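Going left to right, the sequence shown walks through residues 2 to 160 as the working numbering numbers them.
To keep things clear, I will list the structure first and then write my remarks on it.
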Amino acid sequence: MGGGANTILAWNSSRVEVRSTTPFLGQPHPSGITDLVLWHDSRLDYYGGETEELVVKMNATAHLYGGRIDGITSSQYTQYDPTKHIFIYAQEDWSWKYENDKIRGITGLWYDGTPFNISFETRWEPEYGPAWKNIEVITPEPATLLLMALGGLLSRRQR
2 MGGGANTILA WNSSRVEVRS TTPFLGQPHP SGITDLVLWH DSRLDYYGGE
52 TEELVVKMNA TAHLYGGRID GITSSQYTQY DPTKHIFIYA QEDWSWKYEN
102 DKIRGITGLW YDGTPFNISF ETRWEPEYGP AWKNIEVITP EPATLLLMAL
152 GGLLSRRQR
């Protein structure tokens with residue numbers, strides 16, 4: 002919650018949960034998270050904050066629910082293993098971003114309605130498959146959206 006870091010490394014079976022960070026303010030003071038790197042079987046739950054680059058390696062998984070993530074790098078062999086390791090929880094109107102007829106990012110709205118615009122880094126292609134092959138976008142079912150809307154209305158009414 003809050004704060005910032007130049008680099009966070011998650012190894013082995015560790016778990017990182019990010020709820021918020023300070024906004025990016027520039028050097029020399031750390032703000033936001035510059036690099037968030039997941040290795041081995043680590044797991045990330047990202048709910049908010051600002052991160053410049055998320056790197057997902059080996060069997061690590063990332064569950065992205067909100068916030069600002071500028072770029073994602075995936076170094077996992079998606080051409081041999083169809084298992085997804087990066088889960089983006091978005092509303093139904095998300096879309097891939099194309100550059101020279103290749104998927105190079107994703108844009109849309111998180112579940113809470115805030116926008117995201119994430120680029121995919123390509124420094125490890127073609128050794129590893131493209132990042133988009135490692136991503137599963139999870140959209141809420143219509144009944145879930147209805148319950149979320151009702152919950153919002155009821156919470157406003159109680160105030």
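Backbone N, C-alpha and C define an ideal beta-carbon position, used for all residues, glycine too.
Source: prediction; values computed, not measured.
Determine the direct distance from the alpha carbon of residue j to that of residue i, and round the result to whole angstroms.
i	j	result
residue 131	residue 105	9 Å
residue 23	residue 52	10 Å
residue 72	residue 91	17 Å
residue 44	residue 61	6 Å
residue 5	residue 133	27 Å
residue 19	residue 100	30 Å
residue 36	residue 140	27 Å
residue 98	residue 112	19 Å
residue 15	residue 55	16 Å
residue 70	residue 76	17 Å
Between the options, which lies nearest to residue i when the distance is taken from Cα to Cα?
i	options	result
residue 59	52, 74, 92	74
residue 46	21, 32, 35, 25	21
residue 118	41, 95, 82	95
Helix, strand or coil for residue i per DSSP?
i	result
residue 12	coil
residue 91	strand
residue 135	helix
residue 152	helix
residue 50	coil
residue 20	coil
residue 115	coil
residue 64	strand
Give me the DSSP bridge partner(s) of residue i.
i	result
residue 106	98, 120
residue 33	5
residue 85	BP columns for residue 85 are empty, so no partner.
residue 75	57
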